[in-house]
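The listed protein sequences correspond, in order, to chains C and B. Each residue of the first sequence is one higher than the one before, counting from 0 in numbering that gives the first Met the number 0. Each residue of the second sequence is one higher than the one before, counting from 0 in numbering that gives the first Met the number 0. For glycine and all other residues, C-beta sits at the position ideal for the given N, C-alpha and C. Just so you know, these numbers come straight off a predicted model, no measurement behind them. Note sheet for the following structure.
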Amino acid sequence: MNVLWLQSGGCGGCTMSLLCAESPDVLATLEGGGVSLLWHPSLSEASGREAVAILESCIAGTTPLDVLCVEGALLRGPHGSGRFHVLAGTGQAMIDWVRALAARARHTVAVGTCAAFGGVTAAAYNPTDACGLQYDGNAAGGLLGAGYRSASGLPVINVAGCPTHPGWVLETLLALALDGIAAADLDALGRPRFYADQLVHHGCSRNEFYEFKASAEKASDLGCMMEHMGCKGTQAHADCNVRPWNGAGSCTSGGYPCISCTEPGFEEPGHPFFETPKVGGIPIGLPTDMPKAWFVALAALSKSATPKRVRTNATADHPVVTPVIRKTGLK
Amino acid sequence: MSRRVLGPFNRVEGDLELSLDTDDGVVSAARVNSPLYRGFEQILEGKVPADALVIVPRICGICSVSQSVAAATALADAMGVTPPPNGARATNLMLATENLADHLTHFYLFFMPDFARDAYAGAPWFASAEARFKAIRGAAAADVLPARAQFMHLLGTLAGKWPHTLSVQPGGSARAVSATERVRMVSLIRHFRAWLERHLFGDALEAISGIGSEAALWEWFDAKGPERGDFARFLGIARNLRLDRLGRCEGGERYLSHGNYVFEGERLFARGVWDGVSASLLDFAHEDVTEDVSHAWMAGEGACHPLSGFTQPDIARESGYSWCKAPRWRGEVVQCGALSRQVVDAHPLARDLVAAGGGNVFSRVVGRLLEIARVVPEMERWALAIEPGERFCTEAGVPDSAQGVGLIEAARGALGHWVVIRKGRIQRYQIIAPTTWNFSPRDERGTPGALEQALVGTPACESDEMPLAVQHVVRSFDPCMVCTVH
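Right, here's the structure in full:
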């Protein structure tokens, strides 16, 4: 399966994250899965005209383009010209290259939230008129249009995340190479369901603090970060706390709130990232599938039942009260 | 004279285009263009200061921790807060992990594969280079990727994930390390050291960092030859191709380092500018820095200090040929990177290499590998010194009005963030990244940037669209274009 990988208006972080793949490493995984890279800007030998020739050969149909991977937002500015990102050596805007290649691709994959929805490159007033391949923030459309389907009949596969986990990208590519991906394998935002049907909250190491609403108040506290620190783990779609990052981590175990980086528009939450917006002292961004009244009632109850250990540790940076040792034999 | 436009450059982080004038088979003038603009400085204006910690790492996926540390340092300066010792140790460990992983990625995946190209098929070292360094297929990639990924477990623990962490805070680190995690981190660092000593150096790290002159370097090489390890393979190729005569920036014999790895007010690597012409170390003060937009697609006139500078794209600017501004120190071109850091820090090998041939393709690569050998033992010391149970982060508020400067070293060199806060919001945010220094366009006096100068004199025959020597020069700087144009 031939994969062509282009980088547009992004930071290259999804590629860098990909290089952190383990057991086996990225190149071994791709080779084992029957995936060959026609060209990748960080990994391939070909430069200059040799590289452009590969792209032209795909557009001409001479080289079959099984998967077009695009990393980074598509920059339409200034004034629709695409001049904020010209593919070096070609004089042509990257958006024009991507349109031509997407018309040939059997599958088109957006690697990362920038390529999927616009991402942080589209933040504030979006100075470069950045968008995703098939979304402009929450709105379907983007560079290729809401009606775009690759030759396989699928819309753009949005492997969203900022950055993406190497496993999300590799498993998407391997699935395409081995069995294909059906429309039902993608969620309503075009994200592969194998990671998007979960919440960051699932498996969070702070779960006990969440249960008792024992909350962190400042950076480095151990408590739940939903109430005061802006954490969106109960709403964000991804398996970050089930699938470790860099062997050991996740955002919430790293001591900072989930900013919901797999969601369209995460870059402009409408409030400071480290603050939870509240109405009448109650966070407005409650878990999505829980009735608010129930949440408030349960939170009040669980707060009143919080063990001293959990309450004390929530505002410390290491456990200062340890679990009680109790004889557990039957009596 | 003929002119040609080269691109895309791959194995460069981001986008790069060169316009080269050649005469008699050598480059007579070069223009460096960063053909991508994203507008981070514009995006940051008006946000609450802490939001910079979310946004700036996303300038760059290859040195995101460096961007985080620069932002946290600028905010800490504005807030008047100092991280506790554990916070400083954790931050230094995160920064060092990223910097060394970058050096490793550069050497194995970005730089060495060029010596395995067919054009070198007749060289005596070619078979060995091809087996080891061929892009994607070489044996080295299969060795280095797992080693790098495992080394990055340090960031899994300290940073939650890499790239784009929020653990790095103005007051220290949001991630306290437990006693058992400290032990695991020491073990990871020692495992990485063992890999380096086995594959990269074929010798103890201390033996490498103890090499005190170019003559001693060649004695070390001659003792066992190129099969000792990948560093020795590079040395053999470098001697054969005379890479020390390639890529010297004659008009930029000034080597900048902001200094790095701060602990209790002291820097592990010194701050300053090494003047290669007078062979003397000059003080660096950020007040001496300006950015000029005369040859950028940017609005504005003259050269501004970053605290009064702004970023406003202007595609219609006729004299513009890049999205990159031109930073200058006391009005002069400087270069930065691992070699500069080692020269400013007075490492005898780095000083000797620069005295002999300046910054060139050879000395830049040696500078990077020397730095790996010097920093890993420091990382081990920082990790061992962590005191579980003591604080990692100091809490502090952001004043309504303040300004701050964050000067640190990313893998590629001097990174500076300047922030002005008014009414609790970011009024101005300016960033000068290492590749902005190295790959700057011309300034208002017409003086070319460091790479533009370093390319002059490089062999570039008419028949070769993408001359290999040009690629070696470009990649010897380890450019990061996404940082450059942010």
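Thinking C-beta only, is residue j closer than 7 Å to residue i?
| i | j | result |
| --- | --- | --- |
| Q426 (chain B) | W417 (chain B) | no |
| A95 (chain B) | L255 (chain B) | no |
| V360 (chain B) | L242 (chain B) | yes |
| S252 (chain C) | S214 (chain C) | no |
| W273 (chain B) | V342 (chain B) | yes |
| V319 (chain C) | T327 (chain C) | no |
| C257 (chain C) | A235 (chain C) | yes |
| L5 (chain B) | G90 (chain C) | no |
| T233 (chain C) | P286 (chain C) | yes |
| C479 (chain B) | R411 (chain B) | yes |
| A73 (chain B) | L26 (chain C) | no |
| V55 (chain B) | Q66 (chain B) | yes |
| A75 (chain B) | I420 (chain B) | no |
| A170 (chain B) | A395 (chain B) | It should be pointed out that residue 170 (chain B) corresponds to Gly in this sequence rather than to Ala. Result yes, Cβ atoms of G170 (chain B) and A395 (chain B) sit closer than 7 Å. |
| A372 (chain B) | I207 (chain B) | yes |
| L169 (chain C) | A45 (chain C) | no |
| E252 (chain B) | R340 (chain B) | no |
| P162 (chain C) | P145 (chain B) | no |
| Y119 (chain B) | V143 (chain B) | no |
| Q133 (chain C) | Y147 (chain C) | yes |
| A218 (chain C) | A173 (chain B) | yes |
| R242 (chain C) | G141 (chain C) | no |
Ends of the alpha helix (DSSP H) at residue i?
| i | result |
| --- | --- |
| L300 (chain C) | 291-303 |
| L153 (chain B) | 152-158 |
| F268 (chain B) | Careful: F268 (chain B) lies outside any alpha helix (DSSP H), inside the beta strand (DSSP E) at 265-268. |
| V182 (chain B) | 178-194 |
| F132 (chain B) | 125-132 |
Sorted by chain position, which residues of the same chain lie with C-beta nearer than 6 Å to residue i's C-beta, five sequence neighbours on each side aside?
| i | result |
| --- | --- |
| A129 (chain C) | G8, A72, L74, G117, T120, A121 |
| A158 (chain B) | M93, T164, S166 |
| A28 (chain B) | D20 |
| P305 (chain B) | W417, Q429 |
| P276 (chain C) | H270, I283 |
| A491 (chain B) | Since the first residue of chain B shown is 0 and the last is 485, residue 491 (chain B) is not available in this structure. |
| R367 (chain B) | H102, A337 |
| E379 (chain B) | I188 |
Can you name, in chain order, every residue of its own chain whose Cβ lies under 8 Å from the Cβ of residue i, other than the five neighbours on each side?
| i | result |
| --- | --- |
| P112 (chain B) | R10, F132, K133, A134, G137 |
| L187 (chain B) | Q149, F150, H152, L153 |
| A315 (chain C) | D220, L221 |
| K223 (chain B) | G201, A231 |
| A239 (chain B) | The amino acid occupying residue 239 (chain B) in the given sequence is Asn; Ala does not appear at that position. Only A122, P123, W124 meet the Cβ criterion. |
| L17 (chain B) | V4, L5, G6, F8, A29, R30, V31, N32, L454, V469, V473 |
Taking the beta strand (DSSP E) that residue i belongs to, which residues open and close that run?
| i | result |
| --- | --- |
| A288 (chain B) | The sequence given here has Val at residue 288 (chain B), not Ala. Start and end: 288-291. |
| E70 (chain C) | 66-70 |
| G271 (chain B) | 271-274 |
| N312 (chain C) | No beta strand (DSSP E) contains N312 (chain C), which is instead part of the alpha helix (DSSP H) from 307-313. |
| N259 (chain B) | 259-262 |
Would you please state the rounded distance, in angstroms, between the beta carbons of residue i and residue j? I believe it to be under 8 Å.
| i | j | result |
| --- | --- | --- |
| K231 (chain C) | C223 (chain C) | About 12 Å separates the two Cβ atoms, so there is no contact after all. |
| L52 (chain B) | A70 (chain B) | 6 Å |
| P447 (chain B) | V25 (chain B) | Contact flag wrong, Cβ pair sits at about 16 Å. |
| G486 (chain B) | G248 (chain C) | Residue 486 (chain B) falls outside the range modelled here, since chain B spans only 0 to 485, and no answer is possible. |
| R105 (chain C) | S41 (chain C) | About 23 Å; that fails the 8 Å criterion. |
| V66 (chain C) | M0 (chain C) | 7 Å |
| P225 (chain B) | A87 (chain C) | Not a contact, Cβ separation roughly 34 Å. |
| V375 (chain B) | L199 (chain B) | V375 (chain B) to L199 (chain B), Cβ: 11 Å. No contact. |
| L18 (chain C) | R147 (chain B) | 7 Å |
| C13 (chain C) | V110 (chain C) | 5 Å |
Tell me which residues share the same chain as residue i and place their Cβ nearer than 7 Å to its Cβ, disregarding the 5 neighbours each side in the sequence.
| i | result |
| --- | --- |
| L383 (chain B) | V185 |
| G144 (chain C) | none |
| R192 (chain C) | D184, L185, D186 |
| I385 (chain B) | N85, R88, V176, R181 |
With respect to 6 Å, is the separation between the Cβ of residue i and the closest non-hydrogen atom of the ligand ADP below this value?
| i | result |
| --- | --- |
| P398 (chain B) | No copy of the ligand ADP appears in this structure; indeed no ligand is present at all. |
Requested in this report: Output the residue ranges of the alpha helix (DSSP H) runs that lie fully inside the segment 92-171 of chain C and measure 4 residues or longer, sorted by chain position.
Outcome: 93-101, 112-116
Query raised in the report: Which ranges would you report for the beta strand (DSSP E) in the segment 327-414 of chain B if only whole runs of at least 3 residues count?
Result: 401-409
Query raised in the report: Along the chain, which unbroken stretches of the alpha helix (DSSP H) at least 4 residues long are found entirely within the segment 197-241 of chain B?
Result: 204-208, 213-223, 229-240
**Report entry** 4 or more residues per run - each alpha helix (DSSP H) lying fully within the segment 82-117 of chain B
**Finding:** Fully enclosed alpha helix (DSSP H) runs of 4 or longer: 84-104.
**Report entry** Inside the segment 17-85 of chain B only - beta strand (DSSP E) runs reaching at least 3 residues
**Finding:** 25-32
Report task. For the segment 182-226 of chain C, list the alpha helix (DSSP H) runs that are entirely contained and at least 4 residues long, ordered along the chain. Result -> 192-195, 206-210
Query - Unbroken stretches of the alpha helix (DSSP H), 4 residues or longer, contained in the segment 3-50 of chain C - result: 12-17, 25-31
Query raised in the report: Which runs of the alpha helix (DSSP H), 4 residues or longer, sit entirely within the segment 441-480 of chain B?
Result: 449-453, 467-475
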